[in-house]
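2 protein chains.
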Amino acid sequence: MSKPDRFDSVTADDVAIAAGVSRWTVNRAFKKDASISAKSREKVMSAAQALGYIPDLSASALASTRSNLVALLVDDFANPHKLVMMDCLTRALRGRGLDTLLVNTLDREDTTPALINASQRRVDATILIGIQFDDDVLAAAHRAHRFKKLIIFARTSRNPDTISIAVDDEIATKEIAHYVIAKGYRRPLYVAGPNTASAHLLRKETFALVWQDRFGHVPETVSVPRYDPILSAEIAFRTLHGRKGADLPDVIVCENDALALGAIDTIRYRLGLRVPQDIAVVGFDDVPQAASPHYQLTTYRQPLAEMAGYLVDVLESADSRNLDRKFTGELVIRHSA
Amino acid sequence: MSKPDRFDSVTADDVAIAAGVSRWTVNRAFKKDASISAKSREKVMSAAQALGYIPDLSASALASTRSNLVALLVDDFANPHKLVMMDCLTRALRGRGLDTLLVNTLDREDTTPALINASQRRVDATILIGIQFDDDVLAAAHRAHRFKKLIIFARTSRNPDTISIAVDDEIATKEIAHYVIAKGYRRPLYVAGPNTASAHLLRKETFALVWQDRFGHVPETVSVPRYDPILSAEIAFRTLHGRKGADLPDVIVCENDALALGAIDTIRYRLGLRVPQDIAVVGFDDVPQAASPHYQLTTYRQPLAEMAGYLVDVLESADSRNLDRKFTGELVIRHSA
DNA sequence: TTGTATGCGTTATCAC
DNA sequence: GTGATAACGCATACAA
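Here's what the structure looks like:
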């Protein structure tokens with residue numbers, strides 16, 4: 064009945080003694096591809112079980128080059144899609160034995176401290192799923208040589224030092240644009256998100272290009288400085304307030320669902336108009352709310368699970384060829400457009 | 064121009080040499096209450112700056128009893144309130160120099176592995192903001208002596224080994240019940256969340272008690288196995304489908320907003336009734352959506368920021384008296400009830 | 001105020 | 001297949 068008397072006192076040495084082997088054999092027993100006999104592993108594992116031993120990952124991180132820890136930097140908690148992404152990513156990472164360090168990047172000035180913070184924990188990779196990561200920040204981060212892998216998830220980046228895993232915004236936006244045109248809408252308003260210098264989306268540009276090609280002019284566009292339904296509702300109101308008839312858009316195409324949900328609220332409750340009869344709305348992401356009978360939002364769904372799967376593959380791959388990858392999602396047609 | 068040639072190669076020793084002091088003086092310069100001369104600190108800091116030195120927290124965690132890392136266990140990503148809580152908690156923790164390890168507890172069986180996972184990283188505390196933490200799990204966790212602090216956040220627990228930081232559900236629910244009664248509602252339906260053996264909410268029980276006291280019978284109650292608006296909508300439909308007039312409730316009181324949002328969708332779009340004229344709805348949490356003009360949800364707002372502030376205080380306090388604490392929030396009256 | 005040994009628990013590398 | 005040596009980078013305790 065020898066019970067550990069201190070916090071977490073049971074170490075690999077204790078197990079080694081109990082199992083009658085060396086500390087290094089204990090170590091081998093806990094890694095899957097080690098050269099160890101089945102008998103030794105058996106002895107070690109039962110001794111470990113009895114003592115309640117579990118390897119210490121802090122020590123492991125210190126002694127090896129891997130920490131099995133990944134930093135996840137998020138900066139816009141107002142966007143409901145972030146919850147979906149976090150669920151998906153943590154699930155995929157945990158499936159591969161990777162832990163997640165969640166860093167709330169409070170504002171743009173906090174980005175560099177947040178990156179440093181991550182590097183202090185020796186993370187194997189840093190995943191960015193926010194918006195405030197412009198070229199300056201990324202360059203500074205990489206100059207410090209602190210990140211084995213810097214991954215921009217669900218957002219395109221042309222920065223050569225980062226790995227971008229995202230949906231192909233051009234294909235997606237073209238599909239949206241063609242759908243909108245086919246449905247007969249002719250007076251679009253494009254609602255874009257915050258303007259970021261880098262790691263941005265090609266959605267606004269692509270939509271404008273398609274429209275220009277087809278009709279010879281660019282669509283009206285507004286920008287919302289945060290992916291926040293409430294703020295989006297406010298900006299939509301400021302933009303459309305007082306306009307009537309053909310002066311109003313007949314469709315609002317939004318950079319993502321967070322913006323679209325706000326737009327719908329404004330159309331219905333502040334302008335007193337109908338969706339889609341008076342103004343149709345298109346989103347992007349397919350957040351859970353988009354499917355609610357109230358919104359019935361037509362939107363573009365990213366293959367998040369597949370993207371997360373590729374992400375963990377990238378984390379395991381050693382080579383650093385160009386690992387950028389674009390995915391294709393699907394347009395989910397509901398009632399809003 | 065001596066630049067580190069390897070990953071993260073710059074260590075306290077390098078800084079010590081550059082600054083002409085010992086390694087231990089470098090160490091002191093980086094902790095705020097150390098006994099060190101201003102001149103030494105100055106020298107160290109500028110040398111550190113020049114070399115790009117930052118302390119390694121893995122090594123620090125290994126050598127000391129603190130890791131400055133806190134595990135956050137979450138298991139219901141369908142509940143939009145979780146996003147608010149994560150934002151609030153990570154913000155508060157980071158303000159105190161604490162990092163967050165986000166652990167997605169996939170299902171009930173995964174809870175113990177998740178707890179072990181956290182302990183492997185030597186976390187200073189484990190915060191539970193999910194639902195699947197019953198007594199068995201908590202007891203097992205504590206028996207292992209692996210957690211300095213086990214905190215149940217936004218949920219009451221009577222387990223003596225845990226610290227519970229939550230809103231006072233009895234006060235809150237009584238306020239809700241009295242409001243509902245004062246507004247003249249007499250046929251309530253209570254929509255509760257998943258039944259957890261421990262760490263549960265006293266909301267359902269309290270509401271039933273108040274109602275019993277006042278009217279001599281307990282209100283009709285249904286349980287939704289997940290805090291998910293979509294599932295809640297479905298269960299509300301199954302419960303109310305086909306009922307008419309006085310056979311329908313005149314108010315639906317929900318354990319939280321996730322359930323309330325779903326209930327509203329069903330009332331309006333599947334039953335074709337009005338909120339609040341035909342059926343009123345009350346929620347709990349005041350998620351961002353609750354304020355949208357579509358829902359206009361009457362709900363109870365928890366003082367999350369204050370609660371998070373107390374949480375970080377608890378983390379810093381060394382004594383282990385009973386640190387449980389209950390907070391009082393406020394009823395936010397909107398249009399839904 | 002500052003410098004010195006020693007240990008934290010594990011892993012890389014080499015020897016057997 | 002297994003055991004041994006030397007780090008990993010920092011903190012504690014104590015000596016100067």
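So the protein lines, in turn, are chains S and F.
Position 59 (the first sequence) corresponds to 122 in this note's numbering; numbering is contiguous.
Position 233 (the second sequence) corresponds to 296 in this note's numbering; numbering is contiguous.
Idealized CB from N, CA, C, for every residue including glycine.
Counting only runs of 3+ residues fully inside the region 118–156 of chain F, write out the beta strand (DSSP E) ranges in chain order.
Whole beta strand (DSSP E) segments, 3+ residues: 132–137.
Among the residues of its own chain, which have a CB less than 7 Å from the CB of G392 of chain S, if the five just before and after it don't count?
V230, A235, Y363, R364, Q365, P366
Just the chain S side, please: which residues come within less than 8 Å of N319 of chain F by C-beta, in chain order?
Going along chain S, no residue has its Cβ under 8 Å from N319 of chain F, so there is no contact; the nearest lies around 15 Å.
By DSSP, does Y290 of chain S sit in helix, in strand, or in coil?
coil
With a cut-off of 9 Å, does the C-beta of T175 of chain F fall near any C-beta of chain S?
Cβ-Cβ to chain S under 9 Å: no for T175 of chain F.
Whose C-alpha, out of S:V186, S:G115, S:L324, S:T269, is nearest the C-alpha of I298 of chain S?
S:L324
Just verifying my parser: in three-state terms, what is the DSSP assignment at G372 of chain F?
helix
According to a CB-to-CB cut-off of less than 9 Å, which residues of the region 285–317 of chain S neighbour chain F?
Those would be D291, P292, I293, A296, in chain order.
Any Cβ of chain S within less than 9 Å of the Cβ of H357 of chain F?
yes
For the region 159–170 of chain F, list every residue whose C-beta sits within 8 Å of some C-beta in chain S, in sequence order.
If the cut-off is 8 Å between Cβ atoms, the region 159–170 of chain F has D162, T163, L164, L165, V166, N167, L169 near chain S.
In this structure, does DSSP put E238 of chain S in helix, strand or coil?
Three-state DSSP puts E238 of chain S in a helix.
Rank S:S121, S:A343, S:R129 by C-alpha distance to the C-alpha of A126 of chain F and give the top, closest one.
Nearest C-alpha to A126 of chain F: S:S121.
Please report whether the beta-carbon of F55 of chain F lies at a distance below 9 Å from any beta-carbon of chain S.
The displayed coordinates of chain F run from 64 to 400. Any statement about residue 55 of chain F would go beyond what the structure contains.
What three-state label does DSSP hand I190 of chain F in the structure shown?
I190 of chain F carries a strand assignment under DSSP once its states are collapsed to helix, strand and coil.
Taking C-beta pairs closer than 7 Å, name the residues in chain F that P257 of chain S reaches, listed in chain order.
Result: empty, since nearest Cβ-Cβ is about 17 Å, beyond 7 Å.
Can you name the residues that DSSP bridges to D162 of chain S?
The partner list for D162 of chain S (beta bridge, DSSP) reads S:L132.
For a cutoff of 9 Å on Cβ pairs, would you count S121 of chain S as touching chain F?
yes
Can you look up D173 of chain S in the DSSP assignment and give me helix, strand or coil?
helix
Let me see if you follow: with CB-CB separation under 9 Å, is A124 of chain F close to chain S or not?
yes
Is the distance from the Cβ of D320 of chain S to the Cβ of H144 of chain S below 9 Å?
Yes. Within cutoff.
CA-CA distance, I396 of chain S and Q352 of chain S?
Approximately 14 Å, taken between the alpha carbons.
9 Å is my cut-off, CB to CB: does R36 of chain F come that close to chain S?
Limits of chain F in this structure are 64 at one end and 400 at the other, which puts residue 36 of chain F out of reach.
Taking the alpha-carbon positions, what's the D198 of chain S to P312 of chain S distance?
34 Å
Reducing DSSP to helix, strand and coil, say where D348 of chain F ends up.
strand
Determine the extent of the beta strand (DSSP E) in which A229 of chain S is found, giving its start and end residues.
226–230
Around the C-beta of D77 of chain S, are 16 or more other C-beta atoms found within 10 angstroms, so that it is buried, or is it exposed?
buried
Quick test of your reading: V133 of chain S and D187 of chain S, contact by CB under 8 Å. State the CB separation rounded to the nearest angstrom.
6 Å
Measure the C-alpha to C-alpha separation of Q359 of chain S and R289 of chain S and round it to an integer number of angstroms.
23 Å
For L146 of chain F, go through chain S and note every residue whose CB falls closer than 9 Å to its CB, in chain order.
Correct list: F140, A141, N142, P143, K145, L146, M149.
Determine the DSSP secondary structure at I99 of chain S, reduced to helix, strand or coil.
In the structure shown, I99 of chain S sits in coil (DSSP, three-state: anything other than H, G, I, E or B).
With hydrogens ignored, establish whether the beta-carbon of D199 of chain S is closer than 8 Å to any heavy atom of the ligand SAM.
Looking for the ligand SAM in the displayed structure turns up nothing, as the structure carries no ligands at all.
What is the DSSP secondary structure of P67 of chain S, reduced to helix, strand or coil?
Caution is warranted here: a pLDDT of 38 is assigned to P67 of chain S, below 50, making its placement in the model unreliable, and the coordinate value is therefore given only provisionally. In the structure shown, P67 of chain S sits in coil (DSSP, three-state: anything other than H, G, I, E or B).
DSSP three-state call for V314 of chain F: helix, strand or coil?
The answer is strand: DSSP assigns V314 of chain F an E or B state.
Cβ of A354 of chain F less than 9 Å from any chain S Cβ?
yes
Nearest CA to the CA of A400 of chain S: which residue from S:K389, S:R249, S:D96?
Among S:K389, S:R249, S:D96, the Cα nearest to that of A400 of chain S belongs to S:R249.
Taking buried to mean at least 16 other C-beta atoms within 10 Å of its own C-beta, is A82 of chain F buried or exposed?
buried
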